[in-house]
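Novice:
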Amino acid sequence: VKTKGGAPRALALGGASLLVFLSALSAGCVRAAVSEDLLRARDAAERARRSPTAQSASLALYQAEVALAEAERAEEAGSRMAKAQAYVARRKAEQARIEGLYAAQKEAAAGARAAIERLRRNLARRAEAADVDVRRREEEARRHEAARPVLRQALEKAHGGRGELSWDQEMIRLRLPSEAVFQSYLPFLQRGADKRLAAIAEAIRTGPPCAVWIRVLDDVEGLTMDRRRLARRRAARIREALMEHGVPAEYFFAHPQPSSGAVPFGTQIDLILIAQPARVQSVRGSLPP
Amino acid sequence: MRLRKLWAFIPMIGLAACASTPPRPAEFAVAREKIDAAEAAFAREDQRAVSYLDLASQEIGHARAALSQNDVVAARAWAKQASADADVARSLALENQAQREAQEGWKEVDRLQDELSRPIPPTSRSLPSSP
Numbered sequence: 047v048k049t050k051g052g053a054p055r056a057l058a059l060g061g062a063s064l065l066v067f068l069s070a071l072s073a074g075c076v077r078a079a080v081s082e083d084l085l086r087a088r089d090a091a092e093r094a095r096r097s098p099t100a101q102s103a104s105l106a107l108y109q110a111e112v113a114l115a116e117a118e119r120a121e122e123a124g125s126r127m128a129k130a131q132a133y134v135a136r137r138k139a140e141q142a143r144i145e146g147l148y149a150a151q152k153e154a155a156a157g158a159r160a161a162i163e164r165l166r167r168n169l170a171r172r173a174e175a176a177d178v179d180v181r182r183r184e185e186e187a188r189r190h191e192a193a194r195p196v197l198r199q200a201l202e203k204a205h206g207g208r209g210e211l212s213w214d215q216e217m218i219r220l221r222l223p224s225e226a227v228f229q230s231y232l233p234f235l236q237r238g239a240d241k242r243l244a245a246i247a248e249a250i251r252t253g254p255p256c257a258v259w260i261r262v263l264d265d266v267e268g269l270t271m272d273r274r275r276l277a278r279r280r281a282a283r284i285r286e287a288l289m290e291h292g293v294p295a296e297y298f299f300a301h302p303q304p305s306s307g308a309v310p311f312g313t314q315i316d317l318i319l320i321a322q323p324a325r326v327q328s329v330r331g332s333l334p335p
Numbered sequence: 021m022r023l024r025k026l027w028a029f030i031p032m033i034g035l036a037a038c039a040s041t042p043p044r045p046a047e048f049a050v051a052r053e054k055i056d057a058a059e060a061a062f063a064r065e066d067q068r069a070v071s072y073l074d075l076a077s078q079e080i081g082h083a084r085a086a087l088s089q090n091d092v093v094a095a096r097a098w099a100k101q102a103s104a105d106a107d108v109a110r111s112l113a114l115e116n117q118a119q120r121e122a123q124e125g126w127k128e129v130d131r132l133q134d135e136l137s138r139p140i141p142p143t144s145r146s147l148p149s150s151p
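Residue numbers (our numbering), protein chains in the order written: chain A, 47 to 335; chain B, 21 to 151.
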């Protein structure tokens, strides 16, 4: 319905309502806008919360949350102090994150200190065990040295004037002629030879631990076998006899046979006694894992 | 008579002078303490911490300037910011020290493990060998 002056009035009403709408909208926008400082503070708080070491700095994190809440409240006022509160909240969040890292580093340092203490203890134990090892070896060597003349005398007595005894720092060698022990051309013991071997075995048994190398040299052919086989059989027979008379099996050790062209001349039996290293407990084994 | 009138003005002048410099807010002392604490934690020697410490010093300067212009709110705001920066500087310095301590510790652990894995050097005493 058109009335006089109706159009301008309608226009005025429309303009006013538009103005009210726009002002309301702008007011809403202003209210919804958040300062850059507060956004940064929120970001920093989120980083601190998500930090893998956050649990180690719970107090600092709590203080950061309190500071953020204060900043959020102050933001509504929009003052200079609100800006400062947001700044403080951001720094508190950063501090919480750093304190989490600090706690983790302290924990790592404490772990290193404990490991250092344990390793030093182990090194000291190892050094102590090595020292004990050296002392045992020395004692063992002294005992061996003291027992050496006794062994020599016993062997001298055992061969009964039919052999030859020689020695140096490393070994004692008892050389017996083959005919004093074996029947001619055969790997069988002479009558009475077993008694002599028993005396030798006793001397070896009562002496310090040693390795025994039996070397039989025969440059004559056997009745039923060649000289190399005869020498091997005779060596095996002496070993059996010594073992029967109590020489431990681990005392004997094999030695490579010389090639056929390098067999020395002679028909003799060499019993070579070589010092065994002292047996002590392993140093490594005595350490804790 | 004139001289007596003049004497009456002197307390008023004094009061006016007092009113021109407001008292320092408590935030100043807190910020100063925190800066001192950061310096005591060797923040000046830490590359990351020193920038925060410098920031805190600048903010204290701003706070003083604001106070001289009677802007107490701005002065308090700057002082609070200075405190927060000094706190971060101190935390960074301490974290750096702890990190160094941990690194040196684990280096020593490696060295000791290496020493333990090596055999003990043989003793100089020679052992006699004899059967």
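Using N, Cα and C, we set each Cβ at its ideal position, and we do this for glycine too.
1. On the CB-based measure, 16 or more other CB atoms within 10 Å of its CB, does residue 97/A come out buried or exposed?
2. Considering only the beta carbon of each residue, do residue 200/A and residue 270/A sit closer than 9 Å?
3. Drop a sphere of 10 angstroms on the beta-carbon of residue 143/A, count the other beta-carbons inside from all chains shown, and report buried for 16 or more, exposed for fewer.
4. Under a three-way DSSP split, which group does residue 314/A fall into?
5. Give the secondary structure of residue 271/A by DSSP, where H, G and I count as helix, E and B as strand, and everything else as coil.
6. In chain order, what residues of the same chain have a beta carbon less than 8 Å from the beta carbon of residue 132/A, not counting five sequence neighbours either side?
7. Between residue 69/A and residue 79/A, what straight-line distance do the alpha-carbon atoms span, to the nearest angstrom?
8. Does any residue of chain B have a CB that is nearer than 9 Å to the CB of residue 200/A?
9. Excluding the five sequence neighbours on either side, which residues of its own chain have a C-beta within less than 6 Å of the C-beta of residue 129/A, listed in chain order?
10. Less than 9 Å between CB atoms is the rule here; does residue 144/A satisfy it with respect to chain B?
11. Give the DSSP-derived three-state secondary structure of residue 212/A in the structure shown.
12. Please classify residue 44/B: does DSSP put it in a helix, a strand, or coil?
13. Near residue 45/B, what residues of its chain come up, given a Cβ to Cβ distance below 7 Å and the 5 sequence neighbours on each side ignored?
14. Rounded to whole angstroms, how far is the Cβ of residue 233/A from the Cβ of residue 276/A, which I believe are closer than 8 Å?
15. Can you list, in chain order, the residues of its chain whose CB lies under 8 Å from that of residue 216/A, leaving out five sequence neighbours each side?
16. From the DSSP output, in three-state form, read off residue 79/A for me.
17. Can you find a CB in chain A that lies within less than 9 Å of the CB of residue 55/B?
18. Decide if residue 297/A is buried, meaning its Cβ has at least 16 other Cβ atoms within 10 Å, or exposed.
19. Name the DSSP beta bridge partners of residue 261/A, please?
20. Return helix, strand or coil for residue 223/A, following the three-state DSSP convention.
21. Mind checking residue 145/A: buried by the 16 CB within 10 Å criterion, or exposed?
22. Once you ignore the five residues that flank residue 74/A on each side, which residues in its own chain have a CB closer than 8 Å to its CB?
23. List, in chain order, every chain A residue whose beta-carbon is nearer than 7 Å to that of residue 118/B.
24. Check each residue of the stretch 99 to 116 of chain A: if its Cβ is closer than 9 Å to any Cβ of chain B, include it; give the result in chain order.
25. Report yes or no: is there a C-beta of chain A within less than 9 Å of the C-beta of residue 135/B?
26. Measure the alpha-carbon distance for residue 71/A versus residue 89/A and round it to whole angstroms.
27. For residue 70/B, would you say it is in contact with chain A, using Cβ-to-Cβ distances shorter than 9 Å as the test?
Specialist: The structure says:
1. Residue mapping note: residue 97/A aligns to position 51 of the first sequence, counting from 1. Flag for residue 97/A reads buried.
2. By one-based count along the first sequence, residue 200/A stands at place 154. By one-based count along the first sequence, residue 270/A stands at place 224. Going by C-beta atoms, residue 200/A is not nearer than 9 Å to residue 270/A.
3. In the first sequence, the residue the question calls residue 143/A occupies position 97. Buried, by the Cβ-count rule.
4. Taking the first residue of the first sequence as position 1, residue 314/A is located at position 268. The answer is strand: DSSP assigns residue 314/A an E or B state.
5. Counted from its first residue, the first sequence places residue 271/A at position 225. Correct three-state label for residue 271/A: coil.
6. Counting from one through the first sequence, the residue named residue 132/A turns up at place 86. Closer than 8 Å at Cβ, skipping near neighbours: 81, 83, 84, 86, 87, 117, 120, 121.
7. Indexing the first sequence from 1 puts residue 69/A at position 23. Indexing the first sequence from 1 puts residue 79/A at position 33. Caution applies to residue 69/A, whose pLDDT of 48 falls short of 50 and renders its modelled position unreliable; the model cannot decide the point.
8. Taking the first residue of the first sequence as position 1, residue 200/A is located at position 154. So no, residue 200/A is outside the interface.
9. Start at 1 with the first residue of the first sequence, and residue 129/A comes out as number 83. Within the same chain, residue 129/A has close Cβ partners 83.
10. Position 98 of the first sequence, counting from 1, holds the residue named residue 144/A. Interface residue, yes.
11. As a working mapping, residue 212/A is identified with position 166 in the first sequence. Correct three-state label for residue 212/A: strand.
12. The count along the second sequence starts at 1 and reaches residue 44/B at position 24. The answer is coil: DSSP assigns residue 44/B none of H, G, I, E or B.
13. As a working note, residue 45/B is residue 25 in the second sequence. Contacts found: 92, 95, 96, 99.
14. As a first step, residue 233/A must be located in the first sequence, where it is residue number 187. As a first step, residue 276/A must be located in the first sequence, where it is residue number 230. That pair is a contact at about 6 Å.
15. What you label residue 216/A is simply residue 170 of the first sequence in a count that begins at 1. Within the same chain, residue 216/A has close Cβ partners 320, 321.
16. For this step, residue 79/A is matched to residue 33 along the first sequence. Note: residue 79/A maps to coil in three-state DSSP.
17. Start at 1 with the first residue of the second sequence, and residue 55/B comes out as number 35. So, not an interface residue.
18. Start at 1 with the first residue of the first sequence, and residue 297/A comes out as number 251. Label assigned to residue 297/A: buried.
19. Within the first sequence, residue 261/A is the residue found at index 215, counting from 1. In DSSP, residue 261/A forms a bridge with 316/A.
20. Numbered from its first residue, the first sequence carries residue 223/A at position 177. Three-state result, residue 223/A: strand.
21. The residue you call residue 145/A lines up with position 99 of the first sequence. Burial call: buried.
22. As a working note, residue 74/A is residue 28 in the first sequence. Below a pLDDT of 50, predicted positions are generally treated as unreliable, and residue 74/A, at 44, falls in that range; the measurement from the model is reported next regardless. Result list for residue 74/A: empty, nothing under 8 Å.
23. For this step, residue 118/B is matched to residue 98 along the second sequence. Simply 148, 151, 152, 155.
24. 106, 113
25. Here the question's residue 135/B lines up with position 115 in the second sequence. For residue 135/B, the answer is yes, since a Cβ of chain A falls inside 9 Å of its Cβ.
26. Counting from 1 along the first sequence, the entry for residue 71/A is found at position 25. Counting from 1 along the first sequence, the entry for residue 89/A is found at position 43. In this prediction, residue 71/A has a pLDDT of 45, which is less than 50 and means its spatial position is unreliable; nothing more can be read from the coordinates.
27. Along the second sequence, one-based indexing puts residue 70/B at 50. No, because no Cβ of chain A sits closer than 9 Å to the Cβ of residue 70/B.
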